[in-house]
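Q:
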Amino acid sequence: MITVKNLRKTYKIAKPQEGRFATLKSLVRPRYEERRAVDGIDFTINDGEMVGYIGQNGAGKSTTIKMLSGILVPTAGEVSVNGLTPHKDRREHLRGIGVVFGQKTSLWWDVPVIDSLNILKEMYRVDDARFRKNLEMFTDLLDLGPFLEQPVRQLSLGQRVRADLAAALMHDPKTLFLDEPTIGVDVIAKERLREFITEINRERGVTVLLTTHDVVDMEKMVKRVIVINAGQILYDGSMLGLRERYGGEDADIEDIVREIYREGGKTA
Amino acid sequence: MREVKAGLKMYGSLLKMTMRGILQYRADFWMSLVSVSLLNGANIVQLSVISWRFHALGSWQVGDLLVLYGLFMISWSIFSVFFYRLSKIEDEIVSGSFDVYLLRPVSPFLQLVGGDIKYTGLCDTLLGVVLIPTGLSMTGTHWGLWQIFWFVIFVLSGGAIAVCIKFLISCVTFWTTKASALSQVFIQIYLLTQKYPVTIFGPAFRVLVTGLVPVAYLNFYPAVYLLGKPDAPPWVCMLAPVIAMVLAGIAALVWRRGLRRYNSSGA
Amino acid sequence: MKIFAKCLHTERRSAGLYRTDFLLKVLYSMIAMYGVRSLWTALYAQDPAIVGRPLPSMITYAMLAVALDIIFYPSALSTAPQNYISQQVRTGRIDTDLLRPVDLQQQLLARNGGAAAFGALWLVMPAWLLSVLFLGMELPPSLFHGAAFLFSGVLSFLILFSLNFLLGMVCFVTTEIRQITMAYSGILTILSGKLIPNWLYPEWMQALINVLPFRCIFETPLSIYIGAVGNYEILCSLVLQAAWAGILLLLGKIMWLGVHRRLAVQGG
Numbered sequence: 001m002i003t004v005k006n007l008r009k010t011y012k013i014a015k016p017q018e019g020r021f022a023t024l025k026s027l028v029r030p031r032y033e034e035r036r037a038v039d040g041i042d043f044t045i046n047d048g049e050m051v052g053y054i055g056q057n058g059a060g061k062s063t064t065i066k067m068l069s070g071i072l073v074p075t076a077g078e079v080s081v082n083g084l085t086p087h088k089d090r091r092e093h094l095r096g097i098g099v100v101f102g103q104k105t106s107l108w109w110d111v112p113v114i115d116s117l118n119i120l121k122e123m124y125r126v127d128d129a130r131f132r133k134n135l136e137m138f139t140d141l142l143d144l145g146p147f148l149e150q151p152v153r154q155l156s157l158g159q160r161v162r163a164d165l166a167a168a169l170m171h172d173p174k175t176l177f178l179d180e181p182t183i184g185v186d187v188i189a190k191e192r193l194r195e196f197i198t199e200i201n202r203e204r205g206v207t208v209l210l211t212t213h214d215v216v217d218m219e220k221m222v223k224r225v226i227v228i229n230a231g232q233i234l235y236d237g238s239m240l241g242l243r244e245r246y247g248g249e250d251a252d253i254e255d256i257v258r259e260i261y262r263e264g265g266k267t268a
Numbered sequence: 001m002r003e004v005k006a007g008l009k010m011y012g013s014l015l016k017m018t019m020r021g022i023l024q025y026r027a028d029f030w031m032s033l034v035s036v037s038l039l040n041g042a043n044i045v046q047l048s049v050i051s052w053r054f055h056a057l058g059s060w061q062v063g064d065l066l067v068l069y070g071l072f073m074i075s076w077s078i079f080s081v082f083f084y085r086l087s088k089i090e091d092e093i094v095s096g097s098f099d100v101y102l103l104r105p106v107s108p109f110l111q112l113v114g115g116d117i118k119y120t121g122l123c124d125t126l127l128g129v130v131l132i133p134t135g136l137s138m139t140g141t142h143w144g145l146w147q148i149f150w151f152v153i154f155v156l157s158g159g160a161i162a163v164c165i166k167f168l169i170s171c172v173t174f175w176t177t178k179a180s181a182l183s184q185v186f187i188q189i190y191l192l193t194q195k196y197p198v199t200i201f202g203p204a205f206r207v208l209v210t211g212l213v214p215v216a217y218l219n220f221y222p223a224v225y226l227l228g229k230p231d232a233p234p235w236v237c238m239l240a241p242v243i244a245m246v247l248a249g250i251a252a253l254v255w256r257r258g259l260r261r262y263n264s265s266g267a
Numbered sequence: 001m002k003i004f005a006k007c008l009h010t011e012r013r014s015a016g017l018y019r020t021d022f023l024l025k026v027l028y029s030m031i032a033m034y035g036v037r038s039l040w041t042a043l044y045a046q047d048p049a050i051v052g053r054p055l056p057s058m059i060t061y062a063m064l065a066v067a068l069d070i071i072f073y074p075s076a077l078s079t080a081p082q083n084y085i086s087q088q089v090r091t092g093r094i095d096t097d098l099l100r101p102v103d104l105q106q107q108l109l110a111r112n113g114g115a116a117a118f119g120a121l122w123l124v125m126p127a128w129l130l131s132v133l134f135l136g137m138e139l140p141p142s143l144f145h146g147a148a149f150l151f152s153g154v155l156s157f158l159i160l161f162s163l164n165f166l167l168g169m170v171c172f173v174t175t176e177i178r179q180i181t182m183a184y185s186g187i188l189t190i191l192s193g194k195l196i197p198n199w200l201y202p203e204w205m206q207a208l209i210n211v212l213p214f215r216c217i218f219e220t221p222l223s224i225y226i227g228a229v230g231n232y233e234i235l236c237s238l239v240l241q242a243a244w245a246g247i248l249l250l251l252g253k254i255m256w257l258g259v260h261r262r263l264a265v266q267g268g
């Protein structure tokens, strides 16, 4: 179970200065401005749920995921994942989650995929029998066989994301965070990723929180969506409800999302 | 104790994997050897020209200068072979791989150190191994067991000092995201102490490289002690291991604070 | 020229953002200047006859070399052509450079020139000024020498730029040039007169150095600045510098055209 209460995260960033003697001015006294990446959000995700987390670039999705996985400490508010506070009970929390960033790999760049998996086995202290069983299953479901012995830098993007997914699941986490897992992947590979994620969620009861820009991802995979804009939640509910609220049953999801973003842009 | 053992085992496994990765770029190996030698070559050429023209630098004869340079290279190579990645925190943060370290239930420090080995650093070791005996035979100095014992102590402390300073500078990234300029300042300092006896740079500089950024303990003080130079009293030289330990303590503290800072800013 | 001005502006802005960076750069040049000053003072005490010039003049030579090195070190500026080209080749984005209507060499020259001009104004100048005030750097013997030095410095930059550009061309053969860059920096350090002036080398090395372009980068402008060469010789060395710059720029252009043709035929 994931619970988030009044979660906030603000960053301080240096501001470039304009005008005459700008260099000198920013050298003598730099100016900062605050940016609220996440501005007071609340939600609860129950065990075994699969939730889509959507929003424009810079809406605060990645920041939320980073706080949920314990990389970032919140400025204010509460986070709890599987009964643990991510940034406090760090190691124990990490053993219970899996994270995949579609944009970057968590595998070792220059070594064969299998070596990466082996070192992760050691890091998470997965016992031999379980490791073998998982490896067999993921190799089968994700078709890892052909590139298990290849170094990660030689993999195509689709293969890399599959390898990353397997790596994130080797230690049987209860919760899975996926940050744009399908980005840049071709249609067929996307289809396979969706099937796999859905299966993991259904068969193993893994809780999944997934960010995406792909409307097909949402339609095919999730029943519930959370829409975030400028650090605040605009909508939290079923996909069905989203349709009803913004344009009727036959409305195109893409149009709906565009509509919501535009609306959010006005209020922000 | 159990944790230390588990840590070492983890480090071993990481290194094994890293080596396998490196072996894939065999063609690079020879090219690296050549270029590292050429880079050191610039220093050697400068030293040779100076010694050919001037024969000495103050009370330091050519042989002394070779020992000085050799000591630096050996201590330094402990950093450049095994701990090189510690100086690259900025790159790790920019490329996003630092986040990945924080996602695994193993100390980020271990993942950082175990993730890289720079075999080209062995050129530095080799150079030192050649330079020191050459220098010693030129000055006609003979080392007994006592000197060899201290040589080992000096190299280990020097290595630790080099690693700690590089690591501390790299940790600055957590606060400014730009540690490269500071690292440049440090490079300028050690480029001076690497080849020349600290004495020629005057007392202020000497205080700087003894107390503040103790690079003089990589080679100057060891050389003074082992060659019996009058530039410093023996007890000051023998402080090397103490300084190494103090620095290691400071580095551990700063690293911990840096991590906490990263957690709150995300850089 | 437009790109040049734009780059100057960009450099100014980013310098503003990294103010500690900027101050530290000046600081480290000061340390290096102090270092060479002490070294030559010690050597001079050893035997003034061998140095061959009065001490203040030798110190000036060595310290000015350090100041120029802030912008003349092969990879000192992030806009240095070999850095840019190797990055583009590695990431496969070099194709986009083929599509632009501007010649790559000119474009890079404008960029690198903008950055160098900024560096000269904001880094070399302060370092020079501070060393005049505190470290005993001499002024050039006459206004003519000063002007000739500036002119010669610009030609030095052109020579360095074209050598760097040629180094960048090597990328198309080997893709990875980090190691070659290191070797190249080593050679440049030895042969450019940056650390040790030409006249202190053994005769056979002087003969070698005289026929290579490297000495034009540091030794020529520095000798002019300290007034080590007469008016007629100044003219000659400026002509020589200009000739080297012309030849090397042309060579770079020819090589780029060759690479361009090959890329267009083979498609990268």
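Residue numbers (the numbering used here), protein chains in the order written: chain A, 1 to 268; chain B, 1 to 267; chain C, 1 to 268.
Every residue gets a Cβ at the ideal spot worked out from N, C-alpha and C, and that includes glycine.
Just so it is clear, the structure is predicted and the values come from calculations on it, not from any experiment.
(1) Taking the beta carbon of A/L178 as the centre, do at least 16 other beta carbons fall within 10 Å, making it buried, or is it exposed?
(2) With 16 other CB atoms within 10 Å as the buried threshold, where does B/A204 fall?
(3) Just by C-beta distance, which residues in the segment 86-106 of chain A are closer than 7 angstroms to chain B?
(4) Taking just the CA atoms, how far does C/A110 sit from C/I187?
(5) Quick one: does C/T189 have its CB under 8 angstroms from some CB of chain B?
(6) Which runs of the alpha helix (DSSP H) spanning at least 4 residues fall entirely within the segment 68-143 of chain C, listed in chain order?
(7) Would you check if the distance between the CB atom of C/I159 and the CB atom of C/L167 is smaller than 8 angstroms?
(8) Can you give me the Cβ contacts of C/L240 inside the same chain, cut-off strictly under 7 angstroms, excluding the 5 residues immediately before and after it?
(9) In terms of residues, what are the limits of the beta strand (DSSP E) holding B/V215?
(10) If C/L155 sits next to C/A67, beta carbons under 8 angstroms apart, how far is it from one beta carbon to the other, in whole angstroms?
(11) Is the CB of A/E259 under 8 angstroms away from at least one CB in chain B?
(12) May I have the straight-line CA-CA distance separating B/T139 from B/Q61, to the nearest angstrom?
(13) I want to see whether chain A comes within less than 8 angstroms of B/P105, judged by CB atoms only; does it?
(14) Report, in whole angstroms, the separation of the C-beta atoms of C/T220 and C/S152, which I expect to be a contact under 8 angstroms.
(15) With DSSP collapsed to three states, give me the class of C/G268.
(16) Between the Cα of A/Q232 and those of A/M1, A/I2, A/N6, spot the shortest distance and give me the residue it belongs to.
(17) Tell me the residue span of the alpha helix (DSSP H) that contains A/F177.
(18) Would B/M10 pass as an interface residue toward chain A - the criterion being a Cβ-Cβ separation below 8 angstroms?
(19) Is the beta carbon of A/V113 closer than 8 angstroms to that of A/L163?
(20) Contact between the segment 123-137 of chain C and the segment 197-214 of chain C: three or more CB pairs below 8 angstroms?
(21) Do you know offhand how far B/L86's Cα is from B/G12's?
(22) Does the distance from the C-beta atom of B/I165 to that of B/V224 stay below 8 angstroms?
(23) Using the three-state DSSP reduction, which class does A/I2 fall into: helix, strand or coil?
(24) Using DSSP with H/G/I as helix, E/B as strand and the rest coil, what is B/W60?
(25) Quick one, which residues of the segment 221-245 of chain B are near chain C if we go by CB-CB under 8 angstroms, in chain order?
(26) Find out if the Cβ-Cβ distance for the pair B/A162, B/I243 is shorter than 8 angstroms.
(27) If we count the other Cβ atoms within 10 Å of its Cβ and call it buried at 16 or more, is A/A268 buried or exposed?
(28) Just checking, does the segment 218-227 of chain A make contact with the segment 187-201 of chain A on the three C-beta pairs under 8 angstroms criterion?
(29) Assuming A/S156 and B/L103 form a contact by the criterion Cβ under 8 angstroms, report the distance between their Cβ atoms to the nearest whole angstrom.
(30) Quick check: A/N46 and A/M1, are their CB atoms within less than 8 angstroms of each other?
(31) State the beta-bridge partners of A/R224 as determined by DSSP.
(32) Taking 8 angstroms as the CB-CB limit, is C/G268 close to chain B?
(33) Could you list the residues in the segment 26-59 of chain C with a C-beta less than 7 angstroms from some C-beta on chain B, going in chain order?
(34) Please report how far the alpha carbon of C/G268 lies from the alpha carbon of C/Q87, in whole angstroms.
(35) From B/F186, B/F174, B/M238, B/F201, pick the residue whose C-alpha is nearest to that of B/L156; which is it?
(36) What would DSSP say about C/L257, mapped onto helix, strand or coil?
A: Reading from the atomic positions:
(1) Your numbering for residue 178 of chain A matches position 178 in the first sequence. That one is buried.
(2) Counting from 1 along the second sequence, the entry for residue 204 of chain B is found at position 204. Classified as exposed, B/A204 has fewer than 16 neighbouring CB atoms from the shown chains inside 10 Å of its CB.
(3) H87, R91, L94, R95, V99, K104, S106
(4) The count along the third sequence starts at 1 and reaches residue 187 of chain C at position 187. The count along the third sequence starts at 1 and reaches residue 110 of chain C at position 110. Each residue's alpha carbon lies about 26 angstroms from the other.
(5) Translated into the one-based positions of the third sequence, residue 189 of chain C becomes position 189. C/T189 counts as touching chain B.
(6) As far as the segment 68-143 of chain C is concerned, its whole alpha helix (DSSP H) runs of at least 4 residues are 81-91, 94-99, 104-119, 125-134.
(7) In the third sequence, the residue the question calls residue 159 of chain C occupies position 159. In the third sequence, the residue the question calls residue 167 of chain C occupies position 167. The answer is no: Cβ separation not under 8 angstroms.
(8) For this step, residue 240 of chain C is matched to residue 240 along the third sequence. Closer than 7 angstroms at Cβ, skipping near neighbours: C216.
(9) Numbered from 1 along the second sequence, position 215 holds the residue referred to as residue 215 of chain B. Taken as a continuous stretch (DSSP letters only), B/V215 belongs to no beta strand (DSSP E), as it is neither H nor E.
(10) Within the third sequence, the letter at position 155 stands for residue 155 of chain C. Within the third sequence, the letter at position 67 stands for residue 67 of chain C. Contact between C/L155 and C/A67 is absent: CB atoms are separated by about 17 angstroms, not below the 8 angstroms threshold.
(11) To locate residue 259 of chain A, count along the first sequence from 1; it is residue 259. No, A/E259 does not count as interfacial toward chain B.
(12) Position 139 of the second sequence, counted from the start, is the residue given in the question as residue 139 of chain B. Position 61 of the second sequence, counted from the start, is the residue given in the question as residue 61 of chain B. The C-alpha of B/T139 lies about 8 angstroms from the C-alpha of B/Q61.
(13) Taking the first residue of the second sequence as position 1, residue 105 of chain B is located at position 105. When Cβ-Cβ separations below 8 angstroms define contact, B/P105 makes contact with chain A.
(14) As a working mapping, residue 220 of chain C is identified with position 220 in the third sequence. As a working mapping, residue 152 of chain C is identified with position 152 in the third sequence. That pair is a contact at about 6 angstroms.
(15) Here residue 268 of chain C is taken as the residue at index 268 of the third sequence, counted from 1. Caution is warranted here: a pLDDT of 43 is assigned to C/G268, below 50, making its placement in the model unreliable, and the coordinate value is therefore given only provisionally. Looking at C/G268 - three-state DSSP - the assignment turns out to be coil, as it is neither helix nor strand.
(16) On the first sequence, position 232 is the one that residue 232 of chain A refers to. Closest by alpha carbon: A/N6.
(17) For the purposes of this step, residue 177 of chain A is taken as residue 177 along the first sequence, with counting starting at 1. For A/F177, there is no enclosing alpha helix (DSSP H); the enclosing beta strand (DSSP E) covers residues 175-179.
(18) What you label residue 10 of chain B is simply residue 10 of the second sequence in a count that begins at 1. B/M10 counts as touching chain A.
(19) Taking the first sequence and counting its residues from 1, the one referred to as residue 163 of chain A is at position 163. Taking the first sequence and counting its residues from 1, the one referred to as residue 113 of chain A is at position 113. Here residue 163 of chain A is Ala; the residue named in the question, Leu, does not match the sequence. Yes, the Cβ-Cβ distance between A/A163 and A/V113 is below 8 angstroms.
(20) no
(21) Within the second sequence, numbered from 1, the residue matching residue 86 of chain B stands at position 86. Within the second sequence, numbered from 1, the residue matching residue 12 of chain B stands at position 12. Distance between the alpha carbons of B/L86 and B/G12 is about 17 angstroms.
(22) To locate residue 165 of chain B, count along the second sequence from 1; it is residue 165. To locate residue 224 of chain B, count along the second sequence from 1; it is residue 224. Not a contact, by the Cβ cut-off of 8 angstroms.
(23) Taking the first residue of the first sequence as 1, we reach residue 2 of chain A at position 2. Assigned with DSSP and collapsed to three states, A/I2 falls in strand.
(24) Here the question's residue 60 of chain B lines up with position 60 in the second sequence. Residue state, collapsed to three classes: strand.
(25) none
(26) Your numbering for residue 162 of chain B matches position 162 in the second sequence. Your numbering for residue 243 of chain B matches position 243 in the second sequence. Not a contact, by the Cβ cut-off of 8 angstroms.
(27) One-based indexing of the first sequence puts residue 268 of chain A at position 268. Only weak support exists for where A/A268 lies, its pLDDT of 46 falling under 50; the coordinates are left without a value.
(28) yes
(29) Walking along the first sequence from the start, residue 156 of chain A turns up at place 156. Walking along the second sequence from the start, residue 103 of chain B turns up at place 103. So it is not a contact: roughly 23 angstroms between Cβ atoms.
(30) Stepping through the first sequence from its first residue, residue 46 of chain A is reached at position 46. Stepping through the first sequence from its first residue, residue 1 of chain A is reached at position 1. Against a cut-off of 8 angstroms, the Cβ pair of A/M1 and A/N46 comes out as a contact.
(31) Taking the first residue of the first sequence as position 1, residue 224 of chain A is located at position 224. In the DSSP output, where bridge partners are listed per residue, A/R224 has A/V51, A/S238.
(32) Start at 1 with the first residue of the third sequence, and residue 268 of chain C comes out as number 268. Reliability fails at C/G268, whose pLDDT of 43 lies under 50, so the model's placement of it is uncertain and no value is given.
(33) L27, Y28, I31, A32, G35, S38, L39, A42, L43, Q46, D47, I50
(34) Along the third sequence, read from residue 1 onward, the residue named residue 268 of chain C stands at position 268. Along the third sequence, read from residue 1 onward, the residue named residue 87 of chain C stands at position 87. Per-residue confidence for C/G268 stands at a pLDDT of 43, beneath the threshold of 50, marking its modelled position as unreliable; the derived number appears in the next sentence. Each residue's Cα considered, the two are about 15 angstroms apart.
(35) What you label residue 156 of chain B is simply residue 156 of the second sequence in a count that begins at 1. If we check each option's Cα against that of B/L156, B/M238 comes out closest.
(36) Residue 257 of chain C sits at position 257 when you count from the first residue of the third sequence. Note: C/L257 maps to helix in three-state DSSP.
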